[in-house]
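So the sequence shown is residues -24 to -1, 1 to 1007, counted in mature numbering (1 follows the signal peptide of the UniProt record, and there is no 0). Quick reminder that beta carbons are idealized off the backbone N, C-alpha and C, glycines included. Working notes, structure below.
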Amino acid sequence: MKNAIKTWLLLLFLACFITSAVQAGKKEVLQGRTLTGVVLDEQGLPAIGANVLVKGTTIGVATDADGKYRIEVPRGNQTIVFSYVGYRTREITYKGQASLNVSLEPDSEILDDVVVVGYGVQKKVNLTGAVGSVEGDKLASKAVGNVTSALAGLVPGLKVMNRGGQPGADGATLNIRGFGTPLVLVDGIEQDFGYMDPNEIENISILKDASAAIYGSRAANGVILVTTKRGKKGAPKFNLNVNAGFSAPTRIIEMASSGLYAELMNEANVVNGDNPTYTPEEVAKFYAGTDPRYPNTNWRKETLKSISPKYDINMGVRGGGDKVSYFLSLGYLNQKSLLRSDDINFNRISFRSNIDAQINSVLRLSADFSGRLEYRERPGRGMDVIMQAVQAAHPTVPAYWPDSSKPTNPGYDGRWGNPLAISERDYSGYSDTDFSSVRGTFSANLNFNKWVKGLSADGKFDYRLNNNFVKTFNTSFDYHDYNYDTEEYTVIGTFNGGKNSLREEYAKDWLWYSMFKLNYDRIFAEKHHITGLALVEAQASKNDNFFAYREGFISTEVDEMFAGSDENKNNGGGASEGGRMSYVFKLGYGYENRYLVDFVGRVDGSAKFYKSNRWGFFPGVSAAWRISEEPFFKENLRNVDNLKLRFSVGQAGDEANVSFNYLTGYMFGNSYIFDTGEAINKGLKSKGLANKNASWAETTTYNIGVDYSIFNRKFYTEFDVFYRLKSKMLATRAQSLPSTFGASLPEENINKQNTRGFELMLGHANKVGDLIYDLRANVSWARSKWVHYDEVERTDPEQQHRYDLTGKWTNIAWGYEADGLFSSQEEIDGWADITNGANNNVIKPGDIRYVDQNKDGVINWKDEIQIGKNANPEIFFGLNGDFTYKNWSLNVLFQGASNYSVFNSDQFVMPFGDNMTPYAFWEKRWTEDNPNPNAELPRSRFSKGHPNTYQSTFWVQKNAYYIRLKNIQLNYTFPKSWTQKSGINNLRLFLSGNNLLTFTNVKYKDPESDTKNGWYYPQVKTFTAGVSMNF
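What follows is the structure in structure tokens.
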């Protein structure tokens, strides 16, 4: 009560203070002076909508269509502030004059904004290709554990789906324009970037069209370029970022109570012709939940917590002098899981050192070192097994006996185990992963400008080494039953077959990369801008791995390989090598920044193909016309500051899933039975037929785009349409061979697929008084079709319609059309047969009724129709808003997707599917007591192959969508007058949240989940508070 009174008194005081301040401001204005003038841009043209403000007051106006303004200035010493989007703000001391004309200068940081492109950088206004970009600071501010998740909704055409929230495995899937998984390069080297510390990243560029052709054979699905931070001239600037928060599930599927479970079990038994398992009195006791012999256990709540903590800290320093500049960073991340046992943890330590040294006017050297150490702790069983055990556990079995050290047995015949026990290392053992990655890059730049203007050269050598060690020690434990009358325990089973086992896995992969590049960049006669690039690069990689396995450990105290038995031991391993060499050229020409054209070409060589097909040439061309730079345009449409048309076409190769197909020979495998025994022995077997003609799959991408901005980028738009043809896709011909042939057919370049789509981005930025805002909305759509798919030749038109893929969309889903539920046996007897000639003998009232599309009295494949799409959305969209008001700032990001379908596994379509415990939503089923033909769910059953489980419109969410508050962040930056006294240049506090709100028509599951079943680790929403300071 006292706190409430204090709060109301404070609000009343603030209201009185604000009211008096406003009245005082009005009084000052009445006693003020009138100031008029004109605000012009750098070309002497009116700055329409520029802001004119009396500093330190709320008095402000905007200029009209002629750039004119009129403002009342209070008495006393005043400063007039002139601001305009895209221009530097000017502050002028007012000396009592009646008029004041001002010219504003462009903000070079905005107008000269550069974007990283293939092997270089380019001004954004001069881009000829479809390239998206994201600043690293925007990613770091989202406070996520995996960088990929922070990209959602920011770039049109970049499709991001966050499939799960498990610590250390919470990365999102990335897809550019529906093409597939893109190539990711970190500072020019192929590398996973999901678990990089986002504080190390300067920016990320996404190459979506012919701009990716410069990367040749690896760029068929687009390219993501990650550039890390480097030093800047100036005194050392230390940055400290600390945040802490917690995660919580976005959506949990509720399991059936013990009472509902008993009812469903009884109904399923009756359908099978068996007696009910539980009496009505027992069902009532389960619902009551007061008798310990009839518990109501919620295994999800018993196994999972409602929240889990996370911590993230990063310390960096950036600076440099005339000769040397540097960037150093050290970060630590800790994430805990939702398990109550706290036995899943993810720890990451990352470091980076980027140093540049200008030796003289010609030579600059760079040395970069980076690394990452990751440690994952988990119980002996993986999270998927734990979640399956949660799903299988009966609510009719208690979570604990009076002696909680004796695990209960809640699963089907101990198949999955007690989820509480197997989620604890003390019971099930452990599985720990140590991962390390180190990378060193040495580069040199030679500037030949004093001999040949515009000419320079770059050389680079890079080495990366990854090591991964997994140690899994699985232990066993006993299940117990308990007699409440005698208070005695009985062992009723043993988990893991009573054996303890150890498996150790080790993998090492290394990669080296070398590159030499010549650059040319020069402007002739202040009109002709010529750029050129010639490059040669080589890369080699190798992977080695092995494992060892032992059982029969007498004691769990000695968890080393030597302590295991020789019985049932197993060892294995493998190795692979790869190499690539490439030659690249690029030529660019620009005339007065109006007409721009770029030619690129790349020659790639890969050892994966036969020598006659080892080399591929991948060209590309892109052009742009900046109409806004035409003299006639500037004279007549002065408010349009950028209008650019873009066109590009380029080819890229694809060697994915290719593994020396031109070689025949033998491989090891367990394939043979010798003598008269039945044991399968290891031996050599044929790999199959070789194909020396196999070569690259080829993609050709066409893109047309337009960039548009007006009123000094107050309103801006980017629009692209694209078409991609992927040909020579490797596949095995659809021909059957007799088993006596003894080999499989080789892969050939035979299939062809196209993809088409569009991207649109709309933006609006402005400054109104002290409020600065920037709003951006984007949407993209893409869909693919089989142009040719090698398949069995069919003559039956119905089979062609159902099974042929050529000419059809690649994401079609087939199934039956459902038509409610059967309400009587008479209705079933008169319906088309769906039981393969058994006259619907397994169909009963309450089962699903399907439509006989061709009216032939039989429901089979001929009656299947297109009931939806696959689980990959066609449409992605985002809405991002940045707002700054004085020392406060707010960022809001909504992201969503649509045009996809959600499918369900047997555990969803049958209450006891996959031997799992039913979900709570089965209370909406058809029953004998409530025979509603329009019930949401059919009757309860056991049978896994029953027609109720067929894929149909009854179970498929056809047009799924979701809109998610992907991120929201509130920041407060303390005034420098406060912080500089303590030696702090900038101090910011922030609150951040991810996935806080979700709007969707998907039932029960999280809409981003790609699994049909319900035993995945849940997606999470996160809440984070943090502080960022530099000094």
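- Residue Tyr876 holds the alpha-carbon nearest to the alpha-carbon of Ile843 among Met359, Trp807, Leu869, Tyr876.
- Taking the CA atoms as reference points, Val366 sits about 59 Å from Arg340.
- Put simply, the backbone Cα of Val597 is about 23 Å away from that of Thr693.
- Beta-bridge analysis with DSSP links Val634 to no other residue.
- With a contact defined as Cβ atoms closer than 8 Å, Ile835 and Ala794 miss out at about 11 Å.
- Per the Cβ contact rule, the segment 317 to 333 is not in contact with the segment 245 to 258 (fewer than 3 Cβ pairs under 8 Å).
- Excluding five sequence positions before and after Gly192, the CB atoms of its chain that fall closer than 8 Å to its own CB belong to Ser558, Val560, Arg578, Val579, Asp580, Gly592, Phe594, Ala628, Gly629, given in chain order.
- The residue from Thr974, Thr925, Tyr926, Gly796 with its alpha-carbon nearest to that of Asn910 is Gly796.
- In the DSSP assignment, Val123 falls within the alpha helix (DSSP H) that extends over 123 to 126.
- Straight-line measurement puts the Cα of Asp438 at about 20 Å from the Cα of Asp520.
- Out of Phe691, Gly141, Ala126, Ile530, the CA that lies nearest to the CA of Leu150 is found in Ala126.
- Where Glu533 is concerned, there is no enclosing beta strand (DSSP E), because DSSP gives it neither an H nor an E.
- With respect to Asp858, Tyr948 sits apart: the two C-beta atoms are not nearer than 8 Å.
- Excluding the 5 residues flanking it on each side, Ser703 has same chain C-beta neighbours closer than 6 Å at Glu674, Lys728, in chain order.
- Between Leu972 and Lys997, the alpha-carbon positions lie close to 6 Å from each other.
- Sequence-distant Cβ neighbours of Thr893 in its own chain, meaning closer than 7 Å and more than five residues away, are Met231, Ala232, Tyr237, Gln367, Ala368, Ala369, His370, Pro371.
- If you ignore the 5 residues before and after Gly416, its C-beta comes within less than 6 Å of the C-beta of Phe345, Tyr439, all in its own chain and listed in chain order.
- Tyr938 is a Cβ neighbour of Val978, given a cutoff of 8 Å.
- Only residues of its own chain outside the window of five on either side were considered, and among them Ala244, Asn248, Phe888 have a CB closer than 7 Å to the CB of Phe918, listed in chain order.
- Within the model, the alpha-carbon separation for Asn450 versus Val763 is close to 50 Å.
- Excluding its 5 nearest sequence neighbours in each direction, Ile680 has C-beta neighbours in its own chain below 6 Å: Phe623, Val697, listed in chain order.
- CA-CA distance, Ala514 to Ser490, rounds to 5 Å.
- The Cβ atoms of Asn217 and Thr1000 lie no closer than 8 Å to each other.
- Only exposed fits Gln776, as fewer than 16 other CB atoms lie within 10 angstroms of its CB.
- A distance below 8 Å separates the beta carbons of Glu850 and Arg759.
- By alpha-carbon distance to Asn848, the top candidate from Val131, Arg139, Gln364 is Arg139.
- Within the same chain, and ignoring the five residues on either side of Leu941 in sequence, the residues whose Cβ sits closer than 8 Å to its Cβ are Val868, Leu869, Phe870, Gly969, Asn971, Leu972, Leu973, Thr974.
- DSSP, read as helix, strand or coil, puts Ser558 in strand.
- Per DSSP, reduced to three states, the secondary structure at Glu257 is helical.
- Your pair Gly43 and Val15 checks out as a contact, with CB atoms roughly 5 Å apart and the cut at 8 Å.
- In the same chain as Ala666, and ignoring 5 residues on each side of it, the C-beta atoms closer than 8 Å to its own belong to Asn637, Tyr638, Leu639, Thr640, Pro722, in chain order.
- In the DSSP assignment, Gln311 forms a beta bridge with Lys286, Phe322.
- The beta carbons of Pro951 and Ile228 sit about 44 Å from each other, so the pair does not count as a contact at 8 Å.
- Around the Cβ of Lys545, a 10 Å sphere holds fewer than 16 other Cβ atoms; the residue is exposed.
- Shown here, Met491 sits in a strand according to DSSP, grouped into three states.
- For Phe609, the uninterrupted alpha helix (DSSP H) run begins and ends at 607 to 612, by DSSP.
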